[in-house]
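Peer 1: What follows is a single structure, and I will ask about it in a moment.
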Amino acid sequence: MGVLFEAVSGAEPEPRTFRAWAERDIRSAFLNTEEMAERRTIRYDGVTYENIPVVEVGPKEGKRSSVIQMQNDYGQGLFKRSITIYCNERDLSGNKPEQGSMLYINEKPEGTFFHKFRVAESVTEMGIYCVKLEEVDE
Numbered sequence: 008m009g010v011l012f013e014a015v016s017g018a019e020p021e022p023r024t025f026r027a028w029a030e031r032d033i034r035s036a037f038l039n040t041e042e043m044a045e046r047r048t049i050r051y052d053g054v055t056y057e058n059i060p061v062v063e064v065g066p067k068e069g070k071r072s073s074v075i076q077m078q079n080d081y082g083q084g085l086f087k088r089s090i091t092i093y094c095n096e097r098d099l100s101g102n103k104p105e106q107g108s109m110l111y112i113n114e115k116p117e118g119t120f121f122h123k124f125r126v127a128e129s130v131t132e133m134g135i136y137c138v139k140l141e142e143v144d145e
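Start counting at 1 in the sequence shown, then tack on 7, and there's your number in the numbering used here.
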């Protein structure tokens, strides 16, 4: 466990808040590209955010067994893939993806192919965007 005070050269130690510790842990572990995150490019609202740490949770491309086959809404033969991404709100310049809007994310780090998703839900917790996305695939 870390020390609750951090010494600054020549000054009194500054107390660290719970929020400051949580943000540090999120950056150093959860959004760390050597731990859980991958560097991706996101296009949203006409802006491209390149090479930002993103954690993607959900079925990967090609795993049909974990993808819902849509029969009633759009027709037989169409599949809906739902994923959740987590990223720092600062990496998107505070531009929170809104429900119903479109978001594009590249398939793999430094990849040039972008998947098109509809934002199903978007929330912010402790400076992290949690965005649930849906992609319809034939």
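Where is the CB? At the ideal position from N, CA and C, for every residue including glycine.
1) Could you give the uninterrupted runs of the alpha helix (DSSP H) lying entirely in the stretch 25-69, keeping only those of 4 residues or more?
2) Taking T91 as the reference, give the member of F120, I33 and A44 with the closest Cα.
3) Rounded to a whole number of angstroms, what is the C-alpha to C-alpha distance between S129 and R34?
4) In three-state DSSP terms, what is E96?
5) When the Cα atoms are used, what is the spatial distance from E30 to F37?
Peer 2: Well, looking at it:
1) 25-32
2) By 1-based counting over the sequence shown, the position of residue 91 is 84. Answer by Cα proximity: A44.
3) For the purposes of this step, residue 129 is taken as the residue at position 122 of the sequence shown. For the purposes of this step, residue 34 is taken as the residue at position 27 of the sequence shown. Using only the alpha carbons, I get a separation of about 20 Å.
4) For the purposes of this step, residue 96 is identified with residue 89 of the sequence shown, where counting begins at 1. The answer is helix: DSSP assigns E96 an H, G or I state.
5) Reading the sequence shown from its first residue, position 23 is the one you call residue 30. Reading the sequence shown from its first residue, position 30 is the one you call residue 37. About 10 Å.
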